[in-house]
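Beneath this line is the structure, given in structure tokens, with notes to follow.
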Amino acid sequence: MARTKDRVVEEVKSVRRRLSARLWKAHQEGRLYEEMQAVEREGDRAYRDALKSPTPRRKRRKI
Amino acid sequence: MAERYRLYLETSFWKRLRDPALHERRRDSFAFLRAVDSGHHLVLISRLVMKELAATPDWAERRHFHRRLWARRHRFITLNSKIPRIAVDLLEAAGRGPGALADMMHLGYALFGGADAVVTWDEADLARDHTRRLLKAYARRNEVKAPLIGTPKEVGRWLGLRIE
Numbered sequence: 000m001a002r003t004k005d006r007v008v009e010e011v012k013s014v015r016r017r018l019s020a021r022l023w024k025a026h027q028e029g030r031l032y033e034e035m036q037a038v039e040r041e042g043d044r045a046y047r048d049a050l051k052s053p054t055p056r057r058k059r060r061k062i
Numbered sequence: 000m001a002e003r004y005r006l007y008l009e010t011s012f013w014k015r016l017r018d019p020a021l022h023e024r025r026r027d028s029f030a031f032l033r034a035v036d037s038g039h040h041l042v043l044i045s046r047l048v049m050k051e052l053a054a055t056p057d058w059a060e061r062r063h064f065h066r067r068l069w070a071r072r073h074r075f076i077t078l079n080s081k082i083p084r085i086a087v088d089l090l091e092a093a094g095r096g097p098g099a100l101a102d103m104m105h106l107g108y109a110l111f112g113g114a115d116a117v118v119t120w121d122e123a124d125l126a127r128d129h130t131r132r133l134l135k136a137y138a139r140r141n142e143v144k145a146p147l148i149g150t151p152k153e154v155g156r157w158l159g160l161r162i163e
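In order, the protein sequences belong to chains A and B.
One point on numbering: in numbering that gives the first Met the number 0, the residue at position 61 of the first sequence is 60, and numbering is uninterrupted.
One point on numbering: in numbering that gives the first Met the number 0, the residue at position 150 of the second sequence is 149, and numbering is uninterrupted.
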């Protein structure tokens, strides 16, 4: 029986391949740790943005 | 008192929570999360997972992952200079190409963070015997605890979590 293609894993792998290429380049240039710091900063920003509301809350009208 | 485990949930685990295609796997993921909550186990996460989740184009989907994480007991593993070193060592030991560096980075985070298990749906590269043996050998050489690597069902079975 043919295995069902796992879309989720394929998506993750595609992102990870790009990330690996970026990290490998940095490793060859001897700045892997610095690149990982940059990746972490980007991840942290994404995390904070995702938890924010998409539209700013409406200001309460003054009575 | 029942043991509380430290579980590193890799990107594919979180992504699975919104997967409409493979219902059984999605169900297993939710059941695993319930078991984590009921056993008061600690979810370990890295900002590398966050970075990978950020590539999800749908905003609502991204928000869903983060809310799921936020709702449980979790801790971020902070980057340390040892983590990239572990990843490169593992990559060399595995004899794999540069394309696997990010995979190894996840294992580096789990090892450094003292995880009991890495939970993933990536059976082709991470949840396989070769990677488990590699990690075990590395951990033995460096006298640290090797985390188990498996799918939610496997990890649940090995650690005796109640997954229903």
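All C-beta atoms in this analysis are idealised placements derived from N, C-alpha and C, irrespective of residue type, glycine included.
It should be emphasised that the depicted structure is a prediction, and the values quoted were computed from it without experimental measurement.
Contact under 8 Å by Cβ, residue i with residue j
i              : j              : result
I82 (chain B)  : M104 (chain B) : yes
R25 (chain B)  : L16 (chain B)  : yes
V118 (chain B) : R71 (chain B)  : no
F64 (chain B)  : W13 (chain B)  : yes
L158 (chain B) : A116 (chain B) : yes
E122 (chain B) : V11 (chain A)  : no
G38 (chain B)  : L147 (chain B) : no
A99 (chain B)  : D124 (chain B) : yes
V143 (chain B) : L106 (chain B) : no
D18 (chain B)  : V7 (chain A)   : yes
L41 (chain B)  : R3 (chain B)   : yes
A1 (chain B)   : V14 (chain A)  : no
L78 (chain B)  : D5 (chain A)   : no
D48 (chain A)  : M49 (chain B)  : no
Assigned secondary structure, residue i (DSSP; H/G/I helix, E/B strand, else coil)
i              : result
G96 (chain B)  : coil
H73 (chain B)  : strand
M0 (chain A)   : Per-residue confidence for M0 (chain A) stands at a pLDDT of 44, beneath the threshold of 50, marking its modelled position as unreliable; the derived number appears in the next sentence. In the structure shown, M0 (chain A) sits in coil (DSSP, three-state: anything other than H, G, I, E or B).
G149 (chain B) : strand
V11 (chain A)  : helix
Y7 (chain B)   : strand
L158 (chain B) : helix
A126 (chain B) : coil
L165 (chain B) : What the structure shows of chain B is the stretch from 0 to 163, and residue 165 (chain B) is not part of that stretch, so it cannot be assessed.
V35 (chain B)  : helix
A171 (chain B) : Residue 171 (chain B) lies beyond the range of chain B shown here (0 to 163); nothing can be said about it.
L41 (chain B)  : strand
A114 (chain B) : coil
L18 (chain A)  : helix
P201 (chain B) : Absent from the structure is residue 201 (chain B), since the part of chain B shown begins at 0 and ends at 163.
Cross-chain neighbours of residue i in chain B, by beta carbon under 9 Å
i             : result
E41 (chain A) : R46, M49, K50 and A53
Interface residues of chain A facing residue i [CB-CB closer than 7 Å]
i             : result
T10 (chain B) : V11
P83 (chain B) : L31, Y32 and M35
D57 (chain B) : Within 7 Å Cβ-Cβ: nothing; D57 (chain B) doesn't reach chain A, min ~11 Å.
Partners in chain A for residue i, counting only beta-carbon separations shorter than 8 Å
i              : result
K14 (chain B)  : V7, E10 and V11
W69 (chain B)  : L50
D128 (chain B) : Result: empty, since nearest Cβ-Cβ is about 18 Å, beyond 8 Å.
D121 (chain B) : V8, V11 and K12
V87 (chain B)  : H26 and L31
R61 (chain B)  : A45 and A49
Proximal residues of chain B, C-beta to C-beta of residue i below 7 Å
i             : result
R16 (chain A) : G98
Own chain partners of residue i with C-beta closer than 6 Å, once the 5 adjacent residues on each side are dropped
i             : result
A1 (chain A)  : Confidence at A1 (chain A) is low in this model, with a pLDDT of 49, below 50, so its placement is unreliable and the value that follows should be read with caution. Result list for A1 (chain A): empty, nothing under 6 Å.
D57 (chain B) : none
Residue i versus the options, residue with shortest Cα-Cα distance
i              : options                         : result
A45 (chain A)  : B:H39, B:E60, B:T150 and B:H40  : B:E60
L22 (chain A)  : B:V42, B:D18, B:V87 and B:L43   : B:V87
L31 (chain A)  : B:A138, B:P97 and B:K152        : B:P97
L50 (chain A)  : B:R62, B:R95 and B:V154         : B:R62
V154 (chain B) : B:P56, B:A114, B:R95 and B:Y137 : B:A114
L18 (chain A)  : A:D48, A:R60 and A:M35          : A:M35
T150 (chain B) : B:S80, B:I162, B:R84 and B:R139 : B:I162
Neighbourhood of residue i by C-beta, 7 Å cutoff - its chain only, sequence neighbours within 5 removed
i              : result
Y108 (chain B) : Y7, S45, L47, I76 and I82
R74 (chain B)  : L41 and L43
Close Cβ partners of residue i (< 8 Å) along its chain, the five nearest in sequence each way excluded
i              : result
L134 (chain B) : L89, L106, L110, A145, P146 and I148
S11 (chain B)  : T119, W120 and D121
F29 (chain B)  : L16
Listed by chain order, chain A residues near residue i by CB distance under 9 Å
i             : result
L21 (chain B) : T3, D5, R6 and V7
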